[in-house]
């Protein structure tokens with residue numbers, strides 16, 4: 001429906017036309033959005049053809065901002081935030097709300113249109129205030145209230161408030177789906193409207209006065225009083241008179257000739273239409289109930305079918321799972337076959353590579369072996385270099401019948417070199433982790449020589465072996481536990497062995513310029529020669545100590561521990577600090593073992609308990625019947641002192657231990673001779689300087705020193721210098737030393753007699 005131009009023409013007081021502003025209030029949402037689209041479309045189609053100058057303005061009311069949301073879902077009041085942050089948020093919000101106008105701009109193809117955002121809590125009040133303060137002549141609103149019934153049930157909405165309180169200077173159009181409500185003041189006649197059909201619908205319209213449409217309930221009247229007060233405050237003094245006129249025109253007692261409403265149908269028609277819809281709804285409800293009952297029966301049938309189907313699906317899933325397992329097994333077998341095939345393809349290349357690598361390792365080991373042996377011969381010219389052929393002949397080509405011992409480094413063979421029985425220690429080719437111990441043993445033995453330390457005679461660079469003097473009576477461990485047919489030792493020999501071990505340790509601890517700590521002292525590393533003289537061997541784990549930590553200082557060090565369980569110093573095991581007194585712990589255990597012939601585990605606790613309870617005699621080795629009880633108990637107490645947990649609590653080896661051991665040796669004095677008497681102990685000149693053993697056939701060389709005949713003869717075959725002075729010899733003639741030979745034979749006779757008496 002187009003309003004007649006003669007009814008809407010606005011003329012200024014001086015007869016001069018002014019530019020008209022047509023405002024369309026829009027909003028978003030399902031219902032409001034559709035109403036806004038109808039309002040915009042109606043305004044463009046009906047108000048755009050007016051001859052007067054005009055412009056279109058799209059209005060949208062947004063609620064005021066009192067707080068700003070945070071990412072966590074909370075809100076912060078704007079008065080607690082920085083004004084700059086609030087300003088930026090408002091600008092961003094206006095930009096986003098400006099997108100509300102985008103769907104409506106498509107109706108203004110060639111028409112200039114403006115947009116405006118208004119802010120307020122109540123959109124109706126904001127619109128009334130805006131049209132009162134601006135030059136807007138026409139305001140178009142959309143309405144989603146399609147019937148009089150719905151309008152009355154909803155009470156005062158935005159279009160109702162605007163129609164009621166808008167000033168007379170502005171024409172209000174409320175566009176709904178079925179009608180157009182307006183407050184036009186200049187309608188000439190009813191016939192002009194009724195004769196003008198709507199362009200797109202061809203519908204017939206009827207005129208009703210505004211009072212017949214906008215009836216308000218008593219509750220609405222009571223709220224209207226408050227609305228009147230707010231409108232009076234919004235419009236100001238200049239508009240109060242017009243607002244009062246509007247209010248009077250809406251009363252029920254009088255009819256206004258200014259405001260009209262156009263209806264498509266009357267209320268009676270609407271009631272009949274609603275009754276028809278109600279009957280249809282009841283019929284549809286009954287049909288829905290029947291369909292629901294049918295659907296329930298169908299659901300039961302489907303539930304039964306679903307249960308059967310679920311069982312079938314469960315069986316199918318189990319079958320599928322079984323097939324998956326079978327497939328996985330077959331796949332695993334297939335992959336394993338592929339791996340085996342790939343491995344078989346790589347075998348030839350790998351063997352070739354390993355062969356080449358083995359050749360390189362053999363060459364490298366050969367060079368390392370050469371370096372090891374060269375180290376020995378560079379440090380001391382007294383050692384002899386043996387060829388591989390000599391070693392093979394001496395060991396019967398490393399025959400198993402020649403093996404007299406075996407360790408982590410390799411095997412020890414008994415052989416004969418230069419007519420002298422020797423022990424040959426051969427390093428195993430794959431014992432790469434023992435090479436350091438092997439080198440350490442060479443280093444230690446090349447720097448020291450003592451009657452109670454095993455002597456190194458030579459080495460072979462080709463077979464990487466060391467040649468030692470042969471100890472005929474094996475290790476002390478074999479005699480303690482009577483292994484390999486070794487007899488039990490008399491108590492006098494045991495006392496002497498303890499004293500000799502202490503002498504050897506004293507020599508190691510007092511060596512210059514650095515003290516030497518054995519670190520692996522145990523009965524298995526104490527060897528006995530043909531005269532049961534003890535010598536300490538296997539110094540591969542020995543360590544040189546330049547700065548000895550005092551006994552009263554506890555120092556923790558991050559070091560690699562070495563030694564044998566039950567013989568290792570507890571303080572060294574706990575702190576990593578090594579001292580000369582660390583060897584005394586193992587020495588004390590060896591003493592108790594020589595007295596009791598027991599294994600080292602728990603032996604200290606048992607000995608201490610036996611001495612405290614007076615049952616020490618029950619712990620002594622039963623293979624010896626004539627123990628000197630006082631001497632053994634004193635020796636056991638000394639051993640317990642040596643095996644204290646802390647080094648500071650252990651006695652001094654030179655000043656406290658050796659004097660006691662030397663005195664205890666005299667306990668074996670018999671009615672005729674004593675084994676441990678000074679004149680029966682082998683004097684130093686009885687020992688061969690080369691073999692470090694008591695000589696059997698002494699000969700004098702050109703340097704004036706006496707040697708074992710076999711040893712000096714073998715030396716002179718390859719050397720022209722003295723074994724001791726390293727000076728050039730004038731000749732190689734040898735002279736028998738009959739006097740010394742007689743003394744040695746007499747000493748051996750006394751020794752055998754003393755041993756038999758013991």
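Residue numbers (the UniProt record's numbering): 1 to 758.
Glycine residues also receive a C-beta, built at the ideal position from the N, C-alpha and C atoms.
Inter-stretch contact (C-beta, 8 Å, three-pair minimum) for the region 114–124 and the region 52–71 | The answer is yes - the region 52–71 touches the region 114–124, with three or more Cβ pairs under 8 Å.
So, helix, strand or coil for residue 66, using DSSP?
-> Position 66 of the chain shown, counting from 1, holds the residue named residue 66. Residue 66: coil per DSSP, three-state reduction.
Specify, as a first and last residue, the run of the beta strand (DSSP E) that residue 565 falls within.
-> As a working mapping, residue 565 is identified with position 565 in the chain shown. Taken as a continuous stretch (DSSP letters only), residue 565 belongs to no beta strand (DSSP E), as it is neither H nor E.
Could you check which residue in 595, 718, 116 and 403 has the C-alpha nearest to that of residue 624?
-> Within the chain shown, numbered from 1, the residue matching residue 624 stands at position 624. Of the listed residues, the one whose Cα sits closest to residue 624 is 595.
Assigned exposure category for residue 522 - 16 Cβ within 10 Å defines buried | In the chain shown, residue 522 corresponds to position 522, counting from 1. Burial call: buried.
Enumerate, from N- to C-terminal direction, the unbroken alpha helix (DSSP H) stretches of 4 or more residues contained entirely within the region 707–739.
-> 709–716
With DSSP collapsed to three states, give me the class of residue 361.
-> Your numbering for residue 361 matches position 361 in the chain shown. In this structure, residue 361 counts as helix in the three-state DSSP scheme.
Alpha carbon to alpha carbon, what distance is there between residue 43 and residue 106?
-> Numbered from its first residue, the chain shown carries residue 106 at position 106. Numbered from its first residue, the chain shown carries residue 43 at position 43. Rounded to the nearest angstrom, the two C-alpha atoms are 13 Å apart.
Report the three-state DSSP secondary structure of residue 518 (helix, strand or coil).
-> Start at 1 with the first residue of the chain shown, and residue 518 comes out as number 518. Under the three-state reduction of DSSP output, residue 518 falls in the coil class, being neither helix nor strand.
Could you tell me the distance, in whole angstroms, from the CA atom of residue 686 to the CA atom of residue 708?
-> Counting from 1 along the chain shown, the entry for residue 686 is found at position 686. Counting from 1 along the chain shown, the entry for residue 708 is found at position 708. Between residue 686 and residue 708, the C-alpha separation is close to 10 Å.
Report the three-state DSSP secondary structure of residue 238 (helix, strand or coil).
-> Residue mapping note: residue 238 aligns to position 238 of the chain shown, counting from 1. Unreliable placement is indicated for residue 238, whose pLDDT of 39 sits below 50; the coordinate value is still reported in the next sentence. The answer is helix: DSSP assigns residue 238 an H, G or I state.
Is it right to say residue 345 is buried, meaning 16 or more other beta carbons lie within 10 angstroms of its own, or is it exposed?
-> Within the chain shown, numbered from 1, the residue matching residue 345 stands at position 345. Classification of residue 345: exposed, given that the 10 Å Cβ count is below 16.
In chain order, what residues of the same chain lie with their CB nearer than 6 Å to the CB of residue 747, ignoring the 5 residues before and after it?
-> By one-based count along the chain shown, residue 747 stands at place 747. If we look at residue 747 and ignore the five residues flanking it on each side, it has no Cβ neighbours.
Does DSSP classify residue 171 as helix, strand or coil?
-> One-based indexing of the chain shown puts residue 171 at position 171. It is a strand residue.
Length of the line joining the Cα atoms of residue 115 and residue 39 = In the chain shown, counting from the first residue as 1, residue 115 sits at position 115. In the chain shown, counting from the first residue as 1, residue 39 sits at position 39. When the Cα atoms are used, residue 115 and residue 39 turn out to be separated by approximately 15 Å.
According to DSSP, what are the bridge partners of residue 475?
-> The residue labelled residue 475 in the question sits at position 475 within the chain shown. Per DSSP, 527.
Starting from the C-beta of residue 476, find all residues in its chain whose C-beta is less than 7 Å away, skip the five residues before and the five after it, and write them out in chain order.
-> By 1-based counting over the chain shown, the position of residue 476 is 476. The answer, listed in chain order, is 497, 523, 526, 528 and 534.
What is the C-beta distance between residue 395 and residue 460, in whole angstroms, given that I count them as a contact (C-beta under 8 Å)?
-> On the chain shown, position 395 is the one that residue 395 refers to. On the chain shown, position 460 is the one that residue 460 refers to. That belief does not hold up - the Cβ atoms of residue 395 and residue 460 are roughly 11 Å apart, past 8 Å.
Endpoints, the beta strand (DSSP E) within which residue 423 is located | If you number the chain shown from 1, residue 423 lands on position 423. Counting along the chain, the beta strand (DSSP E) containing residue 423 begins and ends at 420–427.
Rounded to a whole number of angstroms, what is the C-alpha to C-alpha distance between residue 620 and residue 597?
-> The sequence position of residue 620 within the chain shown is 620, counting from 1. The sequence position of residue 597 within the chain shown is 597, counting from 1. Here the C-alpha atom of residue 620 lies approximately 8 Å from the C-alpha atom of residue 597.
Residue 585 - containing alpha helix (DSSP H), residue span | Taking the first residue of the chain shown as position 1, residue 585 is located at position 585. Note, residue 585: alpha helix (DSSP H), 582–596.
Rounded to a whole number of angstroms, what is the C-alpha to C-alpha distance between residue 213 and residue 159?
-> The residue labelled residue 213 in the question sits at position 213 within the chain shown. The residue labelled residue 159 in the question sits at position 159 within the chain shown. With a pLDDT of only 33 at residue 213, under 50, the local geometry of the prediction cannot be trusted, and the value read off the model is given with reservation. Distance between the alpha carbons of residue 213 and residue 159: 13 Å.
Limits of the beta strand (DSSP E) - the one that residue 633 falls within = Along the chain shown, read from residue 1 onward, the residue named residue 633 stands at position 633. Segment 629–642 is the alpha helix (DSSP H) holding residue 633; no beta strand (DSSP E) there.
DSSP state of residue 699, grouped into three classes?
-> As a first step, residue 699 is located in the chain shown; it is residue number 699 there, counting from the start. Three-state result, residue 699: strand.
Collapsed DSSP secondary structure at residue 399 in the structure displayed | In the chain shown, residue 399 corresponds to position 399, counting from 1. Three-state result, residue 399: coil.
Enclosing beta strand (DSSP E) for residue 456 [first to last residue] = Mapped onto the chain shown, residue 456 falls at position 456. From DSSP, the beta strand (DSSP E) with residue 456 extends over 456–460.
Where do the N-terminal and C-terminal ends of the beta strand (DSSP E) with residue 75 fall, by residue?
-> Counted from its first residue, the chain shown places residue 75 at position 75. Per DSSP, the continuous beta strand (DSSP E) segment holding residue 75 begins and ends at 75–77.
Determine the burial state of residue 593: buried for a count of at least 16 other Cβ atoms within 10 Å of its Cβ, exposed for fewer.
-> Position 593 of the chain shown, counted from the start, is the residue given in the question as residue 593. So residue 593 counts as buried.
How is the alpha helix (DSSP H) around residue 504 delimited, first residue to last?
-> Against the chain shown, residue 504 aligns to sequence position 504. Residue 504 -> alpha helix (DSSP H) spans 491–509.
For the putative contact between residue 421 and residue 411, defined by C-beta atoms under 8 Å, what is the C-beta separation to the nearest angstrom?
-> Here the question's residue 421 lines up with position 421 in the chain shown. Here the question's residue 411 lines up with position 411 in the chain shown. Not really, about 17 Å apart at Cβ, beyond 8 Å.
Do you know whose CA, among 749, 736, 711 and 704, lies nearest residue 728's CA?
-> The residue labelled residue 728 in the question sits at position 728 within the chain shown. That would be 704, whose Cα lies nearest to the Cα of residue 728.
Residues bridged to residue 116 by DSSP?
-> Translated into the one-based positions of the chain shown, residue 116 becomes position 116. Residue 116 pairs with 59.
Taking residue 469 as the reference, give the member of 489, 482 and 425 with the closest Cα.
-> Position 469 of the chain shown, counting from 1, holds the residue named residue 469. It is 425 whose Cα lies nearest to the Cα of residue 469.
Residue environment, residue 418, which counts as buried when at least 16 other CB atoms sit within 10 Å = Residue mapping note: residue 418 aligns to position 418 of the chain shown, counting from 1. Flag for residue 418 reads buried.
Flag this pair as yes or no: are the beta carbons of residue 712 and residue 734 separated by less than 8 Å?
-> Position 712 of the chain shown holds residue 712. Position 734 of the chain shown holds residue 734. Yes, Cβ-Cβ distance for residue 712 and residue 734 is below 8 Å.
Note down the Cα distance separating residue 759 from residue 270, rounded to an integer number of angstroms.
-> This structure does not reach residue 759, given that the chain is present from 1 up to 758, and the question cannot be answered.
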